[in-house]
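Start counting the sequence shown at 1; every next residue gets the next number (the numbering used here).
Cβ atoms here follow ideal geometry from the backbone N, Cα and C, with glycine treated the same way.
Each remark here refers to the structure printed beneath this line.
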Amino acid sequence: MKPITLTISILLLASITMLPAQQKTIDHDRAAKYFKQFDQLRESDNGALWGHKLPHKMLFVNPKNYEFVANEPLQAYEAKEDGEIFRGQYPQNKAIANTSVLIDSTPWTMVMWPLSEKSDEAVELMAHESFHNLQNLLGIKISVMAIPHMDQKDARTLFRLEMNALYEGLYNNNQEAVKHALYFRKMRFDQYPETKKEEILLETQEGLAQYTGFKLGYNAQRLKMRLQENIRNMSEKSSLSRATAYTSGPLYGLLLDASGKPWKNGTMQNFNAFELTLQHFDIDPKSLSKLQYDEIKQHYNFDKIESEEKLRWKKRQKKIEQYTHKLLEDQPLIIELIDKQIGFNPNSIIPVEPHGNVYEYFVLRDWFGVLTAKKGALMTNDWNRVHVSKPTKIKQDTIEGDGWVIKLKKGHYIFNDKEKYYIKKATTKDYSANNLNELKEILPVIFDDSNGLSEIIWTTLSFFVLISLTIN
Numbered sequence: 001m002k003p004i005t006l007t008i009s010i011l012l013l014a015s016i017t018m019l020p021a022q023q024k025t026i027d028h029d030r031a032a033k034y035f036k037q038f039d040q041l042r043e044s045d046n047g048a049l050w051g052h053k054l055p056h057k058m059l060f061v062n063p064k065n066y067e068f069v070a071n072e073p074l075q076a077y078e079a080k081e082d083g084e085i086f087r088g089q090y091p092q093n094k095a096i097a098n099t100s101v102l103i104d105s106t107p108w109t110m111v112m113w114p115l116s117e118k119s120d121e122a123v124e125l126m127a128h129e130s131f132h133n134l135q136n137l138l139g140i141k142i143s144v145m146a147i148p149h150m151d152q153k154d155a156r157t158l159f160r161l162e163m164n165a166l167y168e169g170l171y172n173n174n175q176e177a178v179k180h181a182l183y184f185r186k187m188r189f190d191q192y193p194e195t196k197k198e199e200i201l202l203e204t205q206e207g208l209a210q211y212t213g214f215k216l217g218y219n220a221q222r223l224k225m226r227l228q229e230n231i232r233n234m235s236e237k238s239s240l241s242r243a244t245a246y247t248s249g250p251l252y253g254l255l256l257d258a259s260g261k262p263w264k265n266g267t268m269q270n271f272n273a274f275e276l277t278l279q280h281f282d283i284d285p286k287s288l289s290k291l292q293y294d295e296i297k298q299h300y301n302f303d304k305i306e307s308e309e310k311l312r313w314k315k316r317q318k319k320i321e322q323y324t325h326k327l328l329e330d331q332p333l334i335i336e337l338i339d340k341q342i343g344f345n346p347n348s349i350i351p352v353e354p355h356g357n358v359y360e361y362f363v364l365r366d367w368f369g370v371l372t373a374k375k376g377a378l379m380t381n382d383w384n385r386v387h388v389s390k391p392t393k394i395k396q397d398t399i400e401g402d403g404w405v406i407k408l409k410k411g412h413y414i415f416n417d418k419e420k421y422y423i424k425k426a427t428t429k430d431y432s433a434n435n436l437n438e439l440k441e442i443l444p445v446i447f448d449d450s451n452g453l454s455e456i457i458w459t460t461l462s463f464f465v466l467i468s469l470t471i472n
């Protein structure tokens with residue numbers, strides 16, 4: 001998932017909000033235990049699920065102090081052998097996330113520490129992320145960031161009805177419920193036809209990874225419980241614009257497994273769950289048009305879902321208004337991006353059309369330094385700019401605002417053009433009397449000023465510029 005200059009590091013919800021407080025030091029014994037369980041999972045599967053064993057190379061990284069432990073030697077970062085693991089320090093100029101990374105041109109699976117203390121949930125996450133290092137062999141070479149329409153009230157309602165029907169079909173061997181699930185999906189595709197392709201691609205990219213984690217990580221009882229949790233927790237998620245595949249992928253994959261017919265081929269470039277389920281359960285697509293929405297929706301908890309989604313929609317509209325003012329209108333700081341490394345929470349994305357998406361938890365590394373935002377940052381649709389709220393505290397190497405902080409690289413500074421703020425690299429080249437105010441702001445950066453030297457230089461420089469203007 002690395003198109004030219006963009007590295008997208010996806011932070012799963014579990015790694016941000018559902019885990020215990022982050023520990024300052026990695027528990028090496030527990031890490032070794034999880035590595036061993038992952039080895040056992042790989043050996044027991046032996047490539048049966050996808051025709052290939054899950055990739056083995058893996059490291060756990062603590063974002064608090066960049067400590068890592070790996071299950072294989074990692075010479076690039078001078079990892080030292082310590083019992084059954086290898087430990088070292090991860091480079092602080094690189095993003096940390098649950099993702100796949102290239103280290104010396106070799107794919108590794110990275111998982112953020114701490115993992116869940118429930119070992120099967122930890123192994124589920126490890127298998128999910130390891131799948132992303134397998135997906136190239138399966139022909140999956142896509143990167144979908146978000147599906148904005150899945151935050152619409154009707155889309156969310158239809159999706160939640162679909163998931164309830166899928167669960168009913170899977171665990172009660174109810175083919176009529178399977179048909180109903182496909183009917184709800186068809187309704188959504190018909191209502192939002194322009195986004196059908198993106199939804200299928202996201203299900204291919206993240207849905208199959210989550211299916212892999214669930215299929216290999218849990219016994220039958222725990223698997224059923226985790227699916228129930230996923231469906232139940234959808235009502236609490238402020239956004240489904242990226243989260244849908246983490247529920248639909250496992251449900252459709254397990255349902256197709258239950259059909260008893262093979263559904264995986266050599267490549268999985270396009271996991272079209274709708275078409276596959278029609279075929280494997282011998283459902284005539286024409287029969288879907290004969291179903292009546294008002295008659296079947298009540299079987300799948302419609303009244304509760306509708307009530308929750310109406311309330312969420314009102315709150316969402318208010319949030320969009322607040323973010324529009326805060327990030328687009330009220331003197332925001334705008335950062336142009338060049339070689340971005342990004343980490344974000346996929347379950348806290350709010351589309352603000354037509355401008356872009358707000359990521360309520362967001363970490364960005366680029367030419368200027370590091371931005372960490374915990375109360376929203378807007379990424380434009382072209383992925384070329386990030387907006388955060390108006391700065392409230394500006395120091396020589398740190399800029400802060402409401403819920404965000406930037407650690408600037410040396411030689412960079414912030415500039416205000418009265419409508420917006422920008423970050424620039426400090427230089428005195430090509431400055432004239434027309435931008436003396438900007439020059440005044442960068443002098444402390446250029447001279448690394450700590451004793452007022454820049455004020456003396458500024459006064460002297462202003463005097464000579466004014467004389468020059470008078471002569472001219």
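Per-residue burial, residue i [other beta carbons within 10 Å of its own, 16 or more giving buried]
i: residue 432; result: Residue placement at residue 432 cannot be trusted, given a pLDDT of 43 that sits under 50; what the coordinates show is reported in the next sentence. By the 10 Å Cβ count, residue 432 comes out exposed.
i: residue 325; result: exposed
i: residue 122; result: buried
i: residue 185; result: buried
i: residue 89; result: exposed
i: residue 356; result: buried
i: residue 262; result: exposed
i: residue 147; result: buried
i: residue 57; result: buried
i: residue 398; result: exposed
i: residue 190; result: exposed
i: residue 366; result: buried
i: residue 199; result: buried
i: residue 260; result: exposed
i: residue 351; result: buried
i: residue 341; result: buried
i: residue 300; result: buried
i: residue 349; result: buried
Pair within 8 Å by beta-carbon distance, residue i and residue j
i: residue 330; j: residue 390; result: yes
i: residue 400; j: residue 393; result: yes
i: residue 206; j: residue 245; result: yes
i: residue 377; j: residue 405; result: no
i: residue 95; j: residue 363; result: yes
i: residue 26; j: residue 113; result: yes
i: residue 150; j: residue 240; result: yes
i: residue 139; j: residue 208; result: no
i: residue 156; j: residue 309; result: yes
i: residue 49; j: residue 216; result: yes
i: residue 38; j: residue 163; result: no
i: residue 249; j: residue 192; result: no
Whole-angstrom distance between residue j and residue i, CA atom to CA atom
i: residue 219; j: residue 226; result: 10 Å
i: residue 422; j: residue 143; result: 29 Å
i: residue 335; j: residue 287; result: 52 Å
i: residue 120; j: residue 396; result: 46 Å
i: residue 221; j: residue 231; result: 16 Å
i: residue 81; j: residue 236; result: 43 Å
i: residue 281; j: residue 116; result: 36 Å
i: residue 165; j: residue 67; result: 44 Å
i: residue 105; j: residue 413; result: 34 Å
i: residue 304; j: residue 72; result: 49 Å
i: residue 101; j: residue 354; result: 32 Å
i: residue 258; j: residue 275; result: 16 Å
i: residue 97; j: residue 273; result: 28 Å
i: residue 313; j: residue 103; result: 43 Å
i: residue 316; j: residue 188; result: 20 Å
i: residue 78; j: residue 84; result: 16 Å
i: residue 51; j: residue 31; result: 27 Å
i: residue 99; j: residue 290; result: 44 Å
i: residue 40; j: residue 173; result: 31 Å
i: residue 306; j: residue 202; result: 25 Å
Delimiting residues of the beta strand (DSSP E) encompassing residue i
i: residue 109; result: 106-112
i: residue 422; result: 421-425
i: residue 82; result: 80-82
i: residue 102; result: 99-103
i: residue 349; result: 349-352
i: residue 366; result: 362-366
i: residue 377; result: 377-380
Residue range of the unbroken alpha helix (DSSP H) whose run includes residue i
i: residue 232; result: 220-233
i: residue 312; result: 302-324
i: residue 407; result: First-last for residue 407: 404-408, but that is the beta strand (DSSP E), not the alpha helix (DSSP H).
i: residue 45; result: 28-45
i: residue 201; result: 196-202
i: residue 115; result: Unbroken run through residue 115: none, as it is neither H nor E.
i: residue 187; result: 175-191
beta-carbon residue i near the ligand NAP non-hydrogen atom, thresh 7 Å
i: residue 110; result: What this structure holds is no ligand at all, so the ligand NAP is not there to describe.
CB contact check: residue i to chain C, cutoff 8 Å
i: residue 86; result: Structure shown: chain C not included; a single protein chain is present.
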